[in-house]
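What follows is a single structure, written as structure tokens, with notes after it.
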Amino acid sequence: MQTDFLLQIKDLKASIDNKEILKGLNLEVKHGEIHAIMGPNGSGKSTLANVLTGREIATVTAGTVTYEGKNLLEMSPEERAREGIFLSFQYPIEIPGVSMVNFMKTAINEQRKYRGLEPLSASDFLRLMREKKELVEIDSALTNRSVNEGFSGGEKKKNEIFQMAMLEPRLALLDETDSGLDIDALRIVANGVNKIRRPDTSVIVITHYQRLLDYIVPDYVHVLYDGRIVRSAGPELALELEERGYDWIRKDADLSEETWTTDRK
Amino acid sequence: MENNQDKLLGEVTSGEYKYGFVTDIETDVIPKGLSEDVVRLISAKKEEPEWLLEFRLKAFRRWQTMKMPEWAHLNIPEIDYQDIIYYAAPKQKKGPDSLSDVDPELLKTFDKLGIPLEEQKRLTGVAVDAVMDSVSVKTTFRETLAEMGIIFCSFSEAVKEHPTLVQKYLASVVPYSDNFFAALNSAVFSDGSFCYIPKGVRCPMELSTYFRINASNTGQFERTLLIADEESYVSYLEGCTAPMRDENQLHAAVVEIVAERGAEVKYSTVQNWYPGDKEGKGGIFNFVTKRGICKGDDSRISWTQVETGSAITWKYPSCILRGNNSVGEFYSVAVTNNRQQADTGTKMIHIGSNTKSTIVSKGISAGFSQNSYRGLVKVLGKAEGARNFSQCDSLLLGDRCGAHTFPYIEVDNPSAIVEHEATTSRIGEDQIFYCNQRGISTEDAIGLIVNGYAREVINKLPMEFAVEAQKLLQISLEGSVG
Ligand SMILES: Nc1ncnc2c1ncn2[C@@H]1O[C@H](COP(=O)(O)OP(=O)(O)O)[C@@H](O)[C@H]1O
Ligand SMILES: [Mg+2]
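Line by line, the protein sequences give chains A and B.
Note that the numbering used here has the first sequence beginning at 4, numbered continuously upward.
Note that the numbering used here has the second sequence beginning at 613, numbered continuously upward.
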């Protein structure tokens, strides 16, 4: 089924330990669009990323997620990845003893297999590694080490973008990829994303701050507050948030009639 | 190597034991039970000299006074030693000189196990002694090796053709009275491999023995004797599998290694006896005594083992470092899943001065299994300047399995330096998810993590075995997460 939408999230509700975190979230992303999701700590941004990638921390209790016309929630995490969903983790995981080379090679070849392609030859693979390393300006030494082991915060974030470059996703979720980066690293990471992006790649940028959006310019900005998207607008919304903080949103949201039925019963 | 790894990661799809088939072949078996008469019968069947029968009988009498060891962290069901068949041999013409004399069913069996006995089909550089049940089926490349003075044949043949060597070295490292299982083996051992590398010779190919249990209700008691004369070198491999059966089968082997002055022996094992089913029904009881002596100065013995099989493993490949400057090494990966139990480790006995030993043990436990490392580092009074380094790591999958370490250190020389490091880690759900998010399945993720964890040991194996071992690690752990 061909639709304009790459991703459609309808009335999505999800809970952690019976506590509702996502409380009816709606979002539609077309091919090639960049969406920014902003919101205060604890509003459910990472939970949304987890639900979309199939991490079983939160349980989906209601709603639907359609990806390329398919029911995303029925797919295993690895299937979603092979279908082109990539998450740049807010907190990338260390895997001691597993070399980046081995890890990436396994990932790429699993994804190729899924698409009916032959595995990459060792030389093609190494060429690809070299090319992408240059593209995202990641230090060669990092890819010779174990996955994220002993990497600094900034190195981990760069390594996420390097993996994104290698895997060329159709939908990239960047969960606070800018946090903990100095301005130079931020520019490198943001430029990396822009270089990787093809015209039809869609990106959801989860961020706290406006500054990343100076580099990765979104088509839409959404404010996630208390498990719901409470405001959507163009890039100017990010600037407004930067200036005024989240307090005015909070006031807006608390006045909404919706809160009668959830928070105050 | 890289390519191979990918291939095997891709290839593996089901976690079932792949070697569980039974070969339908006529077998010469003796009645169940153990007595002096049975010992005599085995000896007679093998047409052994009187001294060997005497050795067996002494061992048998000693065994009758002994008890099964109870100190291991193992829950061993009662074994009825009268309910076991002590000799079973695939029927074939005596001493197959050429391959055409070997029963085609046997050839097929070893082919299926990936051990083709036709020399032209073999990987160059590996000579094989194939042992099924109680007898050696075929030893390859004997003539090539003989040209260099290397003896590589079945134990039975060695008894006939090289009796003085056998008599000189048999039980010189593991006395028949050493322990309950060594005594039992000494009484009823059937076959195994014999290997002698003459002075100054570097064995040009890997020597390997492949053990296969086929017959039901039988025990397997093989005996391996490996002698490296002065300044010689040999790398030796051992592999093993068995059919899937509901009953437990006993395997009690003895391996002895002698390294004379300046000799080096590398002994590698990939142990994949049938581990039993998920509920712990069936499987091999693997009670093995392996010991080497660095008899001369500057000699070296290195044990590398990848233990994935057996319902119960009780095994401590050890080194007696008698020669000055001699070196002992133990590299081990032991995997237990489902209801498997392993109690394995090593002993390093420093007698000579400036002796060195290294112990690297990597335990991996999953399911409801119990995995113990047991190691002794003993430095005697005269072992001036002795050094040991031990690294004992445990990796846990899930929270219903157990990992234990029992390190014993006894030092009687103040100049000795003994270091021990230990870690315990767990494969986290977050690590698995991170792999999943990149498109890697859970099974492959475990394979990656486990092989990364065990790499230091796997790297010590000869190339062909390393690939096999990686594959095995992953298969053994399938179904253990998620
Ligand atoms: N593993 C977890 N266990 C329990 N609660 C969690 C867990 N992860 C997140 N939460 C809770 O879910 C809510 C949303 O968290 P999160 O999605 O991480 O927010 P954000 O990414 O917007 O800061 C918070 O109240 C947080 O405490
Ligand atoms: Mg977050």
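All C-beta atoms, glycine included, are put in the ideal place defined by N, C-alpha and C.
Small disclaimer: the values here were computed from a predicted structure and weren't measured.
Check whether His-685(B) and Asp-1005(B) have beta carbons under 8 Å apart: As a first step, residue 685(B) must be located in the second sequence, where it is residue number 73. As a first step, residue 1005(B) must be located in the second sequence, where it is residue number 393. Going by C-beta atoms, His-685(B) is not nearer than 8 Å to Asp-1005(B).
Under 7 Å (Cβ pairs) to chain B, residues found in the segment 47-70 of chain A: Thr-56, Arg-58
Per-residue burial, Gln-1082(B) [other beta carbons within 10 Å of its own, 16 or more giving buried]: Reading the second sequence from its first residue, position 470 is the one you call residue 1082(B). With 16 or more Cβ atoms within 10 Å of its Cβ, Gln-1082(B) is classed as buried.
Range of the contiguous alpha helix (DSSP H) that encloses Asn-898(B): As a working mapping, residue 898(B) is identified with position 286 in the second sequence. Segment 895-906 is the beta strand (DSSP E) holding Asn-898(B); no alpha helix (DSSP H) there.
Ser-235(A) (DSSP reduced to helix, strand or coil): Locating residue 235(A) in the first sequence gives position 232, counting from the first residue. Reduced to three states, the DSSP call for Ser-235(A) is strand.
Residue nearest to Val-877(B) in terms of C-alpha spacing, selected from Thr-821(B), His-1016(B), Trp-915(B): Locating residue 877(B) in the second sequence gives position 265, where the first residue counts as 1. Of Thr-821(B), His-1016(B), Trp-915(B), the residue nearest in Cα terms is Trp-915(B).
Residues passing the C-beta test against ligand 1 heavy atoms, cut-off 5 Å: Ile-19(A), Ile-24(A), Asn-44(A), Gly-45(A), Ser-46(A), Gly-47(A), Lys-48(A), Ser-49(A), Thr-50(A), Ile-60(A)
Residues within the segment 1023-1056 of chain B neighbouring chain A, beta-carbon criterion of under 7 Å: Asp-1042, Gln-1043, Phe-1045, Tyr-1046, Asn-1048, Gln-1049, Arg-1050, Gly-1051, Ile-1052, Ser-1053, Asp-1056
Cβ contact check for the segment 40-47 of chain A and the segment 87-95 of chain A: 3 or more pairs under 8 Å: no
beta-carbon Glu-163(A) near ligand 2 non-hydrogen atom, thresh 7 Å: Here the question's residue 163(A) lines up with position 160 in the first sequence. Outside the cutoff, so no.
Gln-1049(B): CB within 7 Å of a non-hydrogen atom of ligand 2: Position 437 of the second sequence, counted from the first residue, corresponds to residue 1049(B). Gln-1049(B) Cβ: outside cutoff for every heavy atom of ligand 2.
Residue-level contact to chain B via CB, Arg-133(A), 8 Å cutoff: For the purposes of this step, residue 133(A) is taken as the residue at position 130 of the first sequence. By this cut-off, Arg-133(A) is not an interface position.
Interface flag, Ser-1087(B) vs chain A, CB-CB below 8 Å: One-based indexing of the second sequence puts residue 1087(B) at position 475. First, the amino acid is wrong: residue 1087(B) is Ile here, not Ser. False, the Cβ-Cβ gap to chain A never drops below 8 Å.
Proximal residues to Val-785(B) (C-beta, below 8 Å), its chain only, five neighbours per side dropped: As a position in the second sequence, residue 785(B) is number 173, starting the count at 1. So the list reads Glu-868, Ile-869, Val-870, Arg-903, Gly-904, Ile-905, Ile-932, once near-sequence residues are dropped.
C-alpha gap between Asn-147(A) and Ser-820(B), whole angstroms: To locate residue 147(A), count along the first sequence from 1; it is residue 144. To locate residue 820(B), count along the second sequence from 1; it is residue 208. Each residue's alpha carbon lies about 35 Å from the other.
Check: Asp-181(A) C-beta below 7 Å from any heavy atom of ligand 2: Walking along the first sequence from the start, residue 181(A) turns up at place 178. For ligand 2, not one heavy atom lies less than 7 Å from the Cβ of Asp-181(A).
Cβ neighbours of Gln-11(A) in the same chain (closer than 6 Å, five flanking residues each side left out): For the purposes of this step, residue 11(A) is identified with residue 8 of the first sequence, where counting begins at 1. Answer for Gln-11(A): Glu-31, Thr-69, listed in chain order.
For Gly-964(B) and Gly-1014(B), the rounded distance between their alpha carbons: By 1-based counting over the second sequence, the position of residue 1014(B) is 402. By 1-based counting over the second sequence, the position of residue 964(B) is 352. Approximately 37 Å between the Cα atoms of the pair.
Chain B within 8 Å of Ala-84(A), Cβ atoms only: Stepping through the first sequence from its first residue, residue 84(A) is reached at position 81. Yes, Ala-84(A) lies at the interface with chain B (some Cβ there is under 8 Å from its Cβ).
Near ligand 2: Asp-178(A) beta-carbon under 7 Å from a heavy atom: Along the first sequence, one-based indexing puts residue 178(A) at 175. Within the cutoff, so yes.
Any alpha helix (DSSP H) of 4 or more consecutive residues that is wholly inside the segment 32-72 of chain A: 48-56
Segment limits, alpha helix (DSSP H) that includes Thr-146(A): Counted from its first residue, the first sequence places residue 146(A) at position 143. Per DSSP, Thr-146(A) belongs to the alpha helix (DSSP H) from 143-146.
Range covered by the alpha helix (DSSP H) that runs through Trp-675(B): Taking the second sequence and counting its residues from 1, one reaches residue 675(B) at position 63. Unbroken alpha helix (DSSP H) run through Trp-675(B): 662-676.
Inter-residue CB distance, Gly-183(A) and Gly-157(A) (contact presumed, cutoff 8 Å): Working through the first sequence from its first residue, we reach residue 183(A) at position 180. Working through the first sequence from its first residue, we reach residue 157(A) at position 154. Right, their Cβ atoms sit about 6 Å apart.
Reduced DSSP category for Glu-97(A) - H, G, I as helix; E, B as strand; rest coil: Your numbering for residue 97(A) matches position 94 in the first sequence. Note: Glu-97(A) maps to coil in three-state DSSP.
CB contact flag (Ala-110(A), Gly-1051(B), <8 Å): On the first sequence, residue 110(A) is found 107 positions in, with the first residue counted as 1. On the second sequence, residue 1051(B) is found 439 positions in, with the first residue counted as 1. Contact: yes.
Those runs of the beta strand (DSSP E) which lie wholly inside the segment 782-849 of chain B and span at least 3 residues: 805-809, 818-824, 835-840
Coarse secondary structure for Gln-779(B), derived from DSSP in three states: If you number the second sequence from 1, residue 779(B) lands on position 167. Helix, per DSSP.
Collapsed DSSP secondary structure at Gln-952(B) in the structure displayed: Looking up residue 952(B) in the second sequence gives position 340. Note: Gln-952(B) maps to coil in three-state DSSP.
Residues that Ile-1061(B) contacts on chain A, provided the C-beta gap is smaller than 8 Å: Position 449 of the second sequence, counted from the start, is the residue given in the question as residue 1061(B). What Ile-1061(B) touches in chain A: Ile-98, Gly-100, Val-101.
Gln-11(A): CB within 7 Å of a non-hydrogen atom of ligand 2: Looking up residue 11(A) in the first sequence gives position 8. Answer for Gln-11(A): no, Cβ out of range of ligand 2.
Cβ neighbour criterion (16 or more within 10 Å) applied to Asp-185(A): Locating residue 185(A) in the first sequence gives position 182, counting from the first residue. Asp-185(A) is exposed by the Cβ-count criterion.
C-beta neighbour in chain A for Gly-1064(B), strict 8 Å: For the purposes of this step, residue 1064(B) is taken as residue 452 along the second sequence, with counting starting at 1. By this cut-off, Gly-1064(B) is an interface position.
Residues bridged to Cys-765(B) [DSSP beta-bridge criterion]: For the purposes of this step, residue 765(B) is taken as the residue at position 153 of the second sequence. DSSP, once it has assigned bridges, lists Phe-806(B) as partnering Cys-765(B).
For Tyr-879(B), the residue or residues it bridges with in DSSP: Here the question's residue 879(B) lines up with position 267 in the second sequence. Bridge partners of Tyr-879(B): Tyr-848(B), Trp-915(B).
Beta-carbon neighbours of Gln-166(A), restricted to chain B and to distances below 7 Å: Along the first sequence, read from residue 1 onward, the residue named residue 166(A) stands at position 163. Under the 7 Å cutoff, chain B gives Arg-1050.
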